[in-house]
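In the working numbering, the protein residues as written are 298 to 668.
Report on the structure given below.
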């Protein structure tokens, strides 16, 4: 197998166009300096095509043992790659690794490091900045990195830090940026950051990304007692008492995101219990233990649900209202990052390696590994 050392990053840090792109954090030999980097790989071989330093840092911010300094997922659009390193900055590169712009002006006190990824909405790069105090959501001009708008979250949460990735949806012809944070999920107008609606809950350190379908927005509320909520996103103002369609606490994840496939909503809790709900009603179809602790989010491909636990064991399930396990495959490496799918393959990033896994023409499984 081909080998490439990918450095340290513990979330889904692979973006795909034709080739995979990664972010990573590399410490100097003395350990006092940190190099925040972006890499472009060849999809066929896993060999690096380029490796660019985006930011250098002398700071040694404490991070969670399940986090890294390069956890947010990059975005590729056309010939441009957008990367984000939380409080340490965001940047745009071309797909050959040349820096187009950097922005390191958005300082805030991180708790456990960074986590939430950015999204693109028209001409804006938007992300949440939920640190230890004064959390906010910000939009940068994707062409030059300048701030278009910055909106402070209105929250009385005692623990203000969260790590969720926003979601762009359209409701009755109006675009909304859905951004969960501590104690509330809010919808913002992507043009100016104006708050459209909010739903309050008890929860902090929110990690799961929202999911939208069937006219409902599905969110997880984070720690300490996670709840999954289905919300009708067509309200105005505080709609906590009027627009929550249903809630579920049993099997709700703290870390992995939800997965909507057709009429079914799938969840994998942090303790390795998978479940399937009717998305419209929240009624349970099945709940089964698949094993191991889970941080990576489940994903859907080719009629199947794929999960990966923290020990590196992947489980393949049939998508549907009846539980059916097809396979279990062990990489035997610590795996916290969610998988990426592209070029007809699954890309799995472990603590030290990047794997490409796909079906060969003869029906046999084949895989490539980059360390």
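The beta carbon of each residue, even a glycine, is placed where N, CA and C say it ideally should be.
- Apart from sequence neighbours up to five positions away, the residues of its chain that approach residue 554 with a beta-carbon distance below 6 angstroms are 505, 506 and 594, ordered along the chain.
- Contact between the stretch 523–540 and the stretch 615–635 is absent: fewer than 3 CB-CB pairs across the two stretches fall below 8 angstroms.
- Where residue 516 is concerned, the enclosing beta strand (DSSP E) starts and stops at 513–517.
- For the pair of segments examined, the stretch 318–336 was found not to touch the stretch 595–603: the number of CB pairs separated by less than 8 angstroms stays below three.
- The C-beta distance from residue 584 to residue 548 rounds to 6 angstroms, short enough to fall under 8 angstroms.
- Comparing alpha-carbon positions, the option among 428, 530, 520 and 419 lying closest to residue 469 turns out to be 530.
- In the DSSP secondary-structure assignment, residue 642 is bridged to 639.
- Residue 580 has its alpha-carbon roughly 22 angstroms from the corresponding atom of residue 496.
- Annotation for residue 581: the continuous beta strand (DSSP E) segment containing it runs 581–586.
- If only uninterrupted beta strand (DSSP E) runs of at least 3 residues are considered, those enclosed by the stretch 578–628 are 581–586, 596–598, 601–605, 610–615 and 622–627.
- DSSP places residue 384 within a helical segment (H, G or I) once states are collapsed to three.
- Under the Cβ criterion (8 angstroms, minimum of three pairs), the stretch 424–433 does not count as touching the stretch 355–368.
- By the neighbour-count definition (other C-beta atoms within 10 Å, threshold 16), residue 503 is a buried residue.
- Sequence-distant partners of residue 527 (beyond 5 residues in either direction) whose C-beta falls short of 6 angstroms from its own C-beta, in its chain, are 513, 515, 542 and 543.
- In the three-state DSSP reduction, residue 438 falls in the strand class (E or B).
- Runs of the beta strand (DSSP E) lying entirely within the stretch 335–386, each at least 3 residues long, are 345–354, 372–374 and 377–381 in chain order.
- Residue pairing from DSSP leaves residue 452 without any beta-bridge partner.
- Burial is judged here by how many other beta carbons sit within 10 angstroms of a residue's own beta carbon; residue 452 has at least 16 and is buried.
- By the neighbour-count criterion, in which 16 or more other beta carbons inside 10 Å mark a residue as buried, residue 480 falls on the buried side.
- With respect to the 8 angstroms criterion, residue 546 and residue 522 are classified as neighbours on the basis of their beta carbons.
- In terms of CA proximity to residue 374, 389 leads the group 389, 362, 383 and 385.
- Counting along the chain, the unbroken beta strand (DSSP E) around residue 397 starts and ends at 396–400.
- Ranked by Cα distance from residue 508, the options 494, 456, 454 and 576 are led by 576.
- Assigned with DSSP and collapsed to three states, residue 420 falls in coil, not helix or strand.
- The beta carbon of residue 601 lies closer than 7 angstroms to those of 613, 614, 615, 616 and 623 in the same chain, with the five residues before and after it left out.
- The stretch 435–445 and the stretch 455–463 do not touch, with fewer than three beta-carbon pairs separated by less than 8 angstroms.
- 559 is the residue among 524, 525, 475 and 559 whose C-alpha sits nearest the C-alpha of residue 511.
- If you ignore the 5 residues before and after residue 570, its C-beta comes within less than 6 angstroms of the C-beta of 548 and 586, all in its own chain and listed in chain order.
- Between the alpha carbons of residue 401 and residue 652 lies a distance of about 32 angstroms.
- For residue 611, the CB contacts under 6 angstroms within the same chain, skipping 5 residues up- and downstream, are 605 and 626 in chain order.
- Rounded to the nearest whole angstrom, the CA to CA distance from residue 562 to residue 355 is 43 angstroms.
- Setting aside the 5 residues that flank it on each side, residue 491 is surrounded in the same chain by 448 and 485, each with a C-beta closer than 8 angstroms to its C-beta; the list follows chain order.
- Non-local C-beta neighbours of residue 437 in its own chain, meaning closer than 7 angstroms and more than five positions away in sequence, comprise 387, 400, 421, 422, 443, 444 and 445, ordered along the chain.
- Looking at the backbone, the Cα of residue 466 and that of residue 603 are separated by about 25 angstroms.
- Around the beta-carbon of residue 411, 16 or more other beta-carbon atoms lie within 10 Å, marking it buried.
- Ranking 493, 338 and 454 by CA distance to the CA of residue 473 puts 493 first.
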